[in-house]
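Residue numbering for the sequence shown follows this note's numbering, beginning at 450 and increasing consecutively.
Every residue gets a Cβ at the ideal spot worked out from N, C-alpha and C, and that includes glycine.
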Amino acid sequence: MNYFKSYGVMSCYNAIAFAQDLKLAHYMKIPQRHTFAVQIYGAIIATFVSTAVLNWQMTLEDVCTTSQKQHFYCNGEATFFTATVFWGTLGPGRVFGAGGIYTSLLYGFLVGAVLPLPFYFLARKYPKSLWAKVHVVVLISGGINWNPYVTIGNYWPQVVIGWFFLVYIKKKYLAWWSKYNYILATAFASAIPLCGILIFGIISSTSADDVVGDWSVNTIYQESCDYLATSSTNKYPECRKYKIPAVGYFGAAPGSGAWD
């Protein structure tokens, strides 16, 4: 089932991503043929590189568990698998249908249809006010794209940096912002994976990790409930908002007929 979903979902996802990049290249007046060629070459190279990296990752000790030393927890893969079980093995009728454990989520369609309306009329009445800048779809879709394995601790630094550049710098130094803002953003985005590779290859995966030791910046995240609630030691169950009942599961009981 996961193979079927991978081919179906990822084919559509990458087709949309290709079209998005081609449209951006069109706006930037980059020849479409050259852009498409770069996309194809990149996809071919990435196929072999990703497969090699995946095969290597599977050799790591305790991979995809909460006790993995280098934090290869596989949160995204776990979510991908869980969604497959929901929509395939169980089926949407049992999960979201009448009497299902997540039936109330269907009210989200009603909320999504109604919520933009007041902001739309406020923007029409006060076109120069803050209401005209509120985009409900963007606000909602941002959270959906990152949930459930990203928390406010991951979002907050982005809010601070985003406000600093998109509000303060843009207002005070518009010429600098217009010329360098997005170049700087690209540099930051490129530096993160490069630093991640260097830190993992030179320090985290070697004995140098013991030499570097612990200091406030690289251990402070371990003091938050985001970390403690998923810690393999399970010493801080109070950090978890919802606790698994004593029977070991929630929802309809096995043999009740709800899953037949």
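**Asked** Secondary structure at Lys628, three-state DSSP: helix, strand or coil?
**Response** By 1-based counting over the sequence shown, the position of residue 628 is 179. Helix at Lys628.
**His584 versus Ile641: straight-line alpha-carbon distance, rounded** = Reading the sequence shown from its first residue, position 135 is the one you call residue 584. Reading the sequence shown from its first residue, position 192 is the one you call residue 641. Whole-angstrom Cα-Cα distance: 29 Å.
**Prompt:** Between the C-alpha atoms of Pro606 and Pro703, what's the straight-line distance to the nearest angstrom?
**Reply:** For the purposes of this step, residue 606 is taken as the residue at position 157 of the sequence shown. For the purposes of this step, residue 703 is taken as the residue at position 254 of the sequence shown. Near 43 Å, if we compare the C-alpha coordinates of Pro703 and Pro606.
**Item:** Leu633 versus Lys621 - alpha carbon distance
**Value:** As a position in the sequence shown, residue 633 is number 184, starting the count at 1. As a position in the sequence shown, residue 621 is number 172, starting the count at 1. Straight-line spacing of the CA atoms in Leu633 and Lys621 works out to 17 Å.
**Message:** With H, G and I counted as helix, E and B as strand and the rest as coil, what does DSSP make of Ala695?
**Reply:** Indexing the sequence shown from 1 puts residue 695 at position 246. Here Ala695 sits in coil by DSSP.
**Item:** Beta-carbon contacts of Phe545 that lie in its chain and below 8 Å, excluding the five residues immediately before and after
**Value:** Counting from one through the sequence shown, the residue named residue 545 turns up at place 96. Correct list, in chain order: Tyr551, Thr552, Leu554, Leu555.
**Request:** Specify, as a first and last residue, the run of the alpha helix (DSSP H) that Asp470 falls within.
**Result:** Along the sequence shown, read from residue 1 onward, the residue named residue 470 stands at position 21. Start and end: 451-476.
**Asked** Are Lys619 and Thr533 closer than 7 Å when you measure CB to CB?
**Response** The residue labelled residue 619 in the question sits at position 170 within the sequence shown. The residue labelled residue 533 in the question sits at position 84 within the sequence shown. Taking 7 Å as the Cβ cut-off, Lys619 and Thr533 do not qualify as a contacting pair.
**Message:** For a minimum of 4 consecutive residues, which ranges assigned as the alpha helix (DSSP H) are wholly contained in the stretch 504-555?
**Reply:** Counting only runs that start and end inside the stretch 504-555, the alpha helix (DSSP H) elements of at least 4 residues fall at 524-533, 541-545.
**Asked** What separation, rounded to the nearest whole angstrom, lies between the Cα atoms of Lys577 and Leu571?
**Response** Sequence index remark: in the sequence shown, residue 577 carries index 128 (1-based). Sequence index remark: in the sequence shown, residue 571 carries index 122 (1-based). In a straight line, the C-alpha of Lys577 is about 10 Å away from that of Leu571.
**Request:** Take Phe521 and list the residues in its own chain whose beta-carbon comes closer than 7 Å to its own, dropping the five residues that flank it on each side.
**Result:** Taking the sequence shown and counting its residues from 1, the one referred to as residue 521 is at position 72. Only residues of its own chain outside the window of five on either side were considered, and among them Gln506, Leu509, Val512, Cys513 have a CB closer than 7 Å to the CB of Phe521, listed in chain order.
**Request:** For Phe457, count neighbouring Cβ atoms within 10 angstroms of its own Cβ and tell me buried if that reaches 16, exposed if not.
**Result:** Position 8 of the sequence shown, counting from 1, holds the residue named residue 457. Sequence check: residue 457 is Gly here, not Phe. A residue is called buried when at least 16 other Cβ atoms come within 10 angstroms of its Cβ; Gly457 does not meet this threshold and is exposed.
**Message:** Assuming Leu571 is part of the alpha helix (DSSP H), what are its boundary residues?
**Reply:** Walking along the sequence shown from the start, residue 571 turns up at place 122. Unbroken alpha helix (DSSP H) run through Leu571: 565-574.
**Item:** Test item: CB-CB of Phe467 and Gln481 under 7 Å
**Value:** For the purposes of this step, residue 467 is taken as the residue at position 18 of the sequence shown. For the purposes of this step, residue 481 is taken as the residue at position 32 of the sequence shown. Taking 7 Å as the Cβ cut-off, Phe467 and Gln481 do not qualify as a contacting pair.
**Item:** Contact check, Asn630 vs Phe649, beta carbons under 7 Å
**Value:** Counted from its first residue, the sequence shown places residue 630 at position 181. Counted from its first residue, the sequence shown places residue 649 at position 200. In this structure, Phe649 does not lie closer than 7 Å to Asn630 by Cβ.
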